[in-house]
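Engineer:
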Amino acid sequence: MQIGVGHTLPAQNLHVFQARRASFKCRQTSPLNPSTKPNPCSQKPLSSACFSTESTRQHLSSLEKLLQKTNEAEPEQVISKPPINGSIGNKGKVLLEGLNLSRIWPETKAAEEMSPRHLNRLQRLLSKSNMEYSPRNSLGSRWREYHGCNDWSGLLDPLAENLRREVVRYGEFVQAAYHGFHSNPAMSTNQAPLPRHVALPDRSYKLTKSLYATSSIGLPDWVDDVAPDLGWITQRSSWIGYVAVCDDRREIQRMGRRDIVIALRGTATCMEWAENLRSQLVRIPESDNPTQKVECGFLSLHKTPGAHVPSLAESVVEEVKRLMETYKGETLSITITGHSLGAALSLLVADEISSCAPHVPPIAVFSFGGPRVGNKNFVDRLNEKKVKVLRIVNNQDLITRVPGIFIGEGSNQQQEDLQKNQRNDGFGKVFDMIDNNNPWAYSHVGTELRVDTKMSPYLKPNADMACCHDLEAYLHLVDGFLSSNCPFRSNAKRSLVKLVNDQRSNMKQLYTHKSLSLNLERDRLRVPIPSCLPSPSR
1 MQIGVGHTLP AQNLHVFQAR RASFKCRQTS PLNPSTKPNP CSQKPLSSAC
51 FSTESTRQHL SSLEKLLQKT NEAEPEQVIS KPPINGSIGN KGKVLLEGLN
101 LSRIWPETKA AEEMSPRHLN RLQRLLSKSN MEYSPRNSLG SRWREYHGCN
151 DWSGLLDPLA ENLRREVVRY GEFVQAAYHG FHSNPAMSTN QAPLPRHVAL
201 PDRSYKLTKS LYATSSIGLP DWVDDVAPDL GWITQRSSWI GYVAVCDDRR
251 EIQRMGRRDI VIALRGTATC MEWAENLRSQ LVRIPESDNP TQKVECGFLS
301 LHKTPGAHVP SLAESVVEEV KRLMETYKGE TLSITITGHS LGAALSLLVA
351 DEISSCAPHV PPIAVFSFGG PRVGNKNFVD RLNEKKVKVL RIVNNQDLIT
401 RVPGIFIGEG SNQQQEDLQK NQRNDGFGKV FDMIDNNNPW AYSHVGTELR
451 VDTKMSPYLK PNADMACCHD LEAYLHLVDG FLSSNCPFRS NAKRSLVKLV
501 NDQRSNMKQL YTHKSLSLNL ERDRLRVPIP SCLPSPSR
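For the sequence shown, the UniProt record's numbering begins at 1 and goes up steadily by one.
1. According to the Cβ coordinates, are residue 509 and residue 377 closer than 8 Å?
2. Using the C-alpha atoms, what's the distance from residue 158 back to residue 202?
3. How would you call residue 162, buried or exposed, if buried means at least 16 neighbouring beta carbons within 10 angstroms?
4. Is it a yes or a no for the region 246-254 touching the region 178-188, going by three-plus beta-carbon pairs under 8 Å?
5. Within the continuous beta strand (DSSP E) that includes residue 200, where are the two ends?
6. Here's a check: name, in chain order, each residue in its chain whose Cβ is nearer than 7 Å to the Cβ of residue 344, leaving out the five neighbours to either side.
7. Should residue 176 be flagged as near chain D, meaning a C-beta pair shorter than 8 Å?
8. Given this structure, state the Cα-to-Cα distance separating residue 284 from residue 290, to the nearest angstrom.
9. Flag this pair as yes or no: are the beta carbons of residue 211 and residue 241 separated by less than 8 Å?
10. Locate the alpha helix (DSSP H) running through residue 170, then write down its first and last residues.
11. Tell me where the alpha helix (DSSP H) around residue 319 begins and ends.
12. Within the same chain, show all residues whose beta-carbon is closer than 8 Å to that of residue 398, passing over the 5 residues directly before and after it, in chain order.
13. Alpha carbon to alpha carbon, how far is residue 310 from residue 388?
14. Is the distance from the Cβ of residue 334 to the Cβ of residue 317 below 8 Å?
15. Any idea if residue 328 is buried or exposed, counting beta-carbon neighbours within 10 angstroms, 16 or more meaning buried?
16. Looking at residue 205: is its Cβ nearer than 8 Å to the Cβ of residue 167?
17. Does the beta-carbon distance from residue 452 to residue 395 come in below 8 Å?
18. If we call anything under 8 Å between Cβ atoms a contact, is residue 475 one with residue 171?
19. Report yes if the C-beta distance between residue 445 and residue 347 is below 8 Å; otherwise report no.
20. Using the Cβ count rule (16 or more neighbours within 10 Å means buried), how would you classify residue 391?
21. To which residues of the same chain is residue 499 closer than 6 Å at the C-beta, ignoring the five residues directly before and after it?
22. Just to check, is the beta-carbon of residue 341 closer than 7 Å to a non-hydrogen atom of the ligand COA?
23. Under 8 Å by Cβ, that's how I've got residue 276 and residue 267 pegged, so tell me the actual separation to the nearest angstrom.
24. Along the alpha helix (DSSP H) that carries residue 303, what are the first and last residues, could you check?
25. Apply the 10 Å Cβ neighbour rule to residue 542 and answer buried if 16 or more other Cβ atoms are within range, or exposed otherwise.
26. Drop a sphere of 10 angstroms on the beta-carbon of residue 288, count the other beta-carbons inside from all chains shown, and report buried for 16 or more, exposed for fewer.
27. Is it buried or exposed, residue 363, if we count other Cβ atoms within 10 angstroms and call 16 or more buried?
28. Which word fits residue 402, buried or exposed, when buried means at least 16 other C-beta atoms lie within 10 angstroms of its C-beta?
29. Does residue 376 come out as helix, strand or coil in the three-state DSSP assignment?
30. Alpha carbon to alpha carbon, how far is residue 456 from residue 506? Give it in angstroms, no decimals.
31. Please name the residue in 160, 137 and 150 whose C-alpha comes closest to that of residue 482.
32. Label residue 147 either buried or exposed according to how many other C-beta atoms from any shown protein chain fall within 10 Å of its C-beta, with 16 as the threshold for buried.
33. For residue 367 and residue 217, what's the separation of their Cα atoms in angstroms?
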């Protein structure tokens with residue numbers, strides 16, 4: 001190793017230092033290179049003429065002591081393999097590797113693993129045939145925890161691996177409801193609908209009942225004269241979801257119970273959009289408490305029967321009672337899952353079936369991008385019935401912030417504590433009056449799992465509202481979620497095929513260009529994408 005001394009010693013004393021440095025090599029091990037062995041044969045006495053000035057001798061002595069002290073103060077040296085050549089670039093590379101920055105900043109390593117330069121991993125995520133699967137762990141005796149018996153305490157931040165797998169799995173049941181509707185959206189106005197086939201994402205479940213929702217409002221007769229080709233878009237009754245039950249013994253053993261799933265899709269028809277806009281709070285018909293209220297439009301879709309189909313509430317209660325009788329004596333659970341409008345209806349369905357029989361199995365709701373449904377008293381009603389709700393919310397999703405105003409918001413514990421303190425301070429009557437009489441004083445229900453579009457390395461941070469509310473985007477974000485203060489997990493396994501095809505304009509250009517280079521566009525045109533992608537979390 002060469003030591004530059006031209007800036008520290010006068011030019012006339014430079015030859016003196018060179019002689020002294022040669023003496024260091026002969027008499028002792030170099031403090032900068034401990035592996036150097038002394039060579040006694042080369043030791044020669046220096047001439048006294050070499051030390052013509054006392055200041056030079058003292059300067060060199062101080063330099064030697066300083067090097068020795070530095071070596072003693074840092075006994076644990078990081079010994080790295082020297083570079084092959086002595087170029088400055090290689091030396092800098094060795095130095096950076098020795099710093100091990102990925103240990104200091106883990107997100108640096110995660111960002112590197114998510115980089116488009118890792119083409120092999122990107123190709124797997126963009127491939128339909130090379131799906132990666134996580135093992136299905138046995139839930140066993142802990143299934144009630146993952147089903148929300150303790151409001152998912154200690155499982156959300158960081159997100160437990162088993163819970164992540166369950167959330168994604170239930171989200172795919174909702175995707176199956178979307179595919180089931182769009183494959184045959186029209187309904188006959190003259191006869192009852194025929195049985196419908198739905199491609200479930202989990203083969204251990206079987207479909208037992210189709211569900212329909214009917215709007216209580218209709219379009220004027222002149223609409224059919226002006227636009228007779230609107231078809232199913234303006235129909236009052238529509239297929240909105242299904243009931244399925246686990247029918248596989250091995251899966252029942254793994255989950256620790258037989259699971260009944262109720263999956264509900266989001267808004268699709270004009271009549272459903274019209275009901276969404278009826279945002280005033282109305283009283284629940286069966287409630288003895290007149291202050292328990294829900295949104296008018298959601299209640300209409302839940303309670304209104306069609307010309308040839310029963311109401312959603314009636315169908316669900318009838319099927320749940322039948323399944324409870326069929327599997328009497330077994331350990332059962334009821335899981336209701338929905339997206340957008342389906343998330344709102346899930347709460348009304350949970351409220352309906354929680355009191356339909358004396359001993360109803362544990363009920364849990366997994367909602368994605370759900371709006372507010374009722375007021376604070378409706379929240380209390382569900383809590384009294386022990387209905388557990390896990391709301392998966394995208395921080396950029398505006399749908400989760402409507403309808404109504406935030407005065408009645410009660411899902412956040414800090415806001416609840418603040419309201420209690422305000423009541424104790426004498427504001428109780430004012431807040432009770434607002435909650436009970438304000439027709440827009442809504443409140444969210446249950447426990448929240450909050451994800452963020454900006455955490456995804458694939459989506460643009462300024463993705464549009466449709467992308468932020470998209471169900472596949474939700475499942476993508478859940479699959480990559482670790483905790484609120486960690487980056488997108490580098491070993492996320494969910495395929496990007498559907499996300500790229502549906503949200504290409506919201507994907508970062510680096511990844512859309514890579515997908516084109518991997519011939520995804522050609523594959524999409526030549527090989528049809530299956531109606532339901534298998535779960536990557538199984």
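Ideal Cβ positions, reconstructed from N, Cα and C, are used throughout, including at glycine.
Structural biologist: With the structure as the only source:
1. Counted from its first residue, the sequence shown places residue 509 at position 509. Counted from its first residue, the sequence shown places residue 377 at position 377. Result no, Cβ atoms of residue 509 and residue 377 do not sit closer than 8 Å.
2. Here residue 202 refers to the residue found at position 202 of the sequence shown. Here residue 158 refers to the residue found at position 158 of the sequence shown. For residue 202 and residue 158, the distance between alpha carbons rounds to 26 Å.
3. Here the question's residue 162 lines up with position 162 in the sequence shown. Counting Cβ neighbours within 10 Å, residue 162 comes out buried, since at least 16 surround it.
4. no
5. The sequence position of residue 200 within the sequence shown is 200, counting from 1. From DSSP, residue 200 is part of no beta strand (DSSP E); its letter is neither H nor E.
6. Within the sequence shown, residue 344 is the residue found at index 344, counting from 1. So the list reads 298, 370, 371 and 373, once near-sequence residues are dropped.
7. Included in the structure is just one protein chain, with no chain D present.
8. For the purposes of this step, residue 284 is taken as residue 284 along the sequence shown, with counting starting at 1. For the purposes of this step, residue 290 is taken as residue 290 along the sequence shown, with counting starting at 1. C-alpha separation (whole angstroms): 8 Å.
9. Sequence index remark: in the sequence shown, residue 211 carries index 211 (1-based). Sequence index remark: in the sequence shown, residue 241 carries index 241 (1-based). Cβ distance < 8 Å, so residue 211 and residue 241 count as in contact.
10. Here residue 170 refers to the residue found at position 170 of the sequence shown. Residues 161-183.
11. Counting from one through the sequence shown, the residue named residue 319 turns up at place 319. Note, residue 319: alpha helix (DSSP H), 312-326.
12. Translated into positions along the sequence shown, residue 398 becomes position 398. Excluding residues within five positions, the ones whose Cβ falls inside 8 Å are 465, 468 and 469.
13. Sequence index remark: in the sequence shown, residue 310 carries index 310 (1-based). Sequence index remark: in the sequence shown, residue 388 carries index 388 (1-based). So the alpha carbons of these two residues sit roughly 27 Å apart.
14. Within the sequence shown, numbered from 1, the residue matching residue 334 stands at position 334. Within the sequence shown, numbered from 1, the residue matching residue 317 stands at position 317. The answer is no: Cβ separation not under 8 Å.
15. As a working mapping, residue 328 is identified with position 328 in the sequence shown. Label assigned to residue 328: exposed.
16. For the purposes of this step, residue 205 is taken as the residue at position 205 of the sequence shown. For the purposes of this step, residue 167 is taken as the residue at position 167 of the sequence shown. No.
17. For the purposes of this step, residue 452 is identified with residue 452 of the sequence shown, where counting begins at 1. For the purposes of this step, residue 395 is identified with residue 395 of the sequence shown, where counting begins at 1. Against a cut-off of 8 Å, the Cβ pair of residue 395 and residue 452 comes out as a contact.
18. Stepping through the sequence shown from its first residue, residue 475 is reached at position 475. Stepping through the sequence shown from its first residue, residue 171 is reached at position 171. Contact flag set, yes.
19. Working through the sequence shown from its first residue, we reach residue 445 at position 445. Working through the sequence shown from its first residue, we reach residue 347 at position 347. Their beta carbons are under 8 Å apart, which means residue 445 touches residue 347 by this criterion.
20. The residue labelled residue 391 in the question sits at position 391 within the sequence shown. Buried, by the Cβ-count rule.
21. Along the sequence shown, one-based indexing puts residue 499 at 499. Contacts found: 472 and 476.
22. Among the components modelled here there is no ligand, and therefore nothing to report on the ligand COA.
23. Against the sequence shown, residue 276 aligns to sequence position 276. Against the sequence shown, residue 267 aligns to sequence position 267. Contact flag correct, Cβ pair sits at about 6 Å.
24. As a position in the sequence shown, residue 303 is number 303, starting the count at 1. 296-303 is the span of the alpha helix (DSSP H), which, as asked, contains residue 303.
25. Not covered by the structure: residue 542. The range shown for the chain is 1 to 538.
26. Counting from one through the sequence shown, the residue named residue 288 turns up at place 288. Per the 10 Å Cβ criterion, exposed.
27. Along the sequence shown, read from residue 1 onward, the residue named residue 363 stands at position 363. Label assigned to residue 363: buried.
28. Within the sequence shown, residue 402 is the residue found at index 402, counting from 1. Under this definition residue 402 is an exposed residue.
29. Walking along the sequence shown from the start, residue 376 turns up at place 376. Of the three classes helix, strand and coil, the one that applies to residue 376 here is helix, per DSSP.
30. Counting from one through the sequence shown, the residue named residue 506 turns up at place 506. Counting from one through the sequence shown, the residue named residue 456 turns up at place 456. For residue 506 and residue 456, the distance between alpha carbons rounds to 11 Å.
31. By 1-based counting over the sequence shown, the position of residue 482 is 482. The shortest Cα separation from residue 482 among 160, 137 and 150 belongs to 160.
32. Indexing the sequence shown from 1 puts residue 147 at position 147. Buried, because 16 or more other Cβ atoms sit within 10 Å of the Cβ of residue 147.
33. As a position in the sequence shown, residue 367 is number 367, starting the count at 1. As a position in the sequence shown, residue 217 is number 217, starting the count at 1. Distance between the alpha carbons of residue 367 and residue 217: 26 Å.
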